[in-house]
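Residue numbers (the working numbering): 4 to 94. Even glycine gets a Cβ: it sits at the ideal position worked out from N, Cα and C. As the structure is a prediction and not an experimental result, all values here were calculated from the model. Structure first, commentary second.
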Amino acid sequence: MSEDIHDIPPGDTLDLHTFKPNEARELIEEFIWSCEQASIRRGTIIHGKGTGSLRELTYSILKRNPKIKVFYLGESTNEGNWGKTTFELLD
């Protein structure tokens, strides 16, 4: 495995499926910060449907973050997708 550090451009989606649940809080907070730094105004967090614990964690973080304008289950065109949450940052 290479020990080189690669700069990966930020995206607008964080998929939590590949991470351990105890890593989620830090990942979500870092993702929001990354979106803000890259001027990405709308982001999506894929937390899955499951038991709802990751969705609840996602909501608690989004509620407390003063940079979040609004967040909702699914996306603006498909609010029925309850496996992900979309947020918008303040301008």
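Let's see if you can read the secondary structure: which residues bound the beta strand (DSSP E) around residue i?
i: I35; result: It is not in any beta strand (DSSP E) - I35 instead sits in the alpha helix (DSSP H) that spans 27 to 40.
i: T16; result: 16 to 18
Thinking C-alpha only, which one of the options is nearest residue i?
i: T16; options: H50, N68, P69, I71; result: H50
i: L19; options: D94, I48, S37; result: I48
i: N68; options: R28, P24, T21; result: R28
i: L92; options: G86, W85, I71; result: I71
Could you give the first and the last residue of the continuous alpha helix (DSSP H) run that contains residue i?
i: R44; result: Unbroken run through R44: none, as it is neither H nor E.
Whose C-beta lies closer than 6 Å to the C-beta of residue i among residues of the same chain, with five residues either side of it excluded?
i: G46; result: D15, C38, F90
i: D86; result: Sequence check: residue 86 is Gly here, not Asp. Closer than 6 Å at Cβ, skipping near neighbours: G51, K52.
Across which residues does DSSP place residue i in a beta bridge pair?
i: L92; result: I71
i: I48; result: L17, T88
When you compare the region 49 to 57 with the region 67 to 77, are there three or more beta-carbon pairs, one atom per stretch, that lie closer than 8 Å?
no
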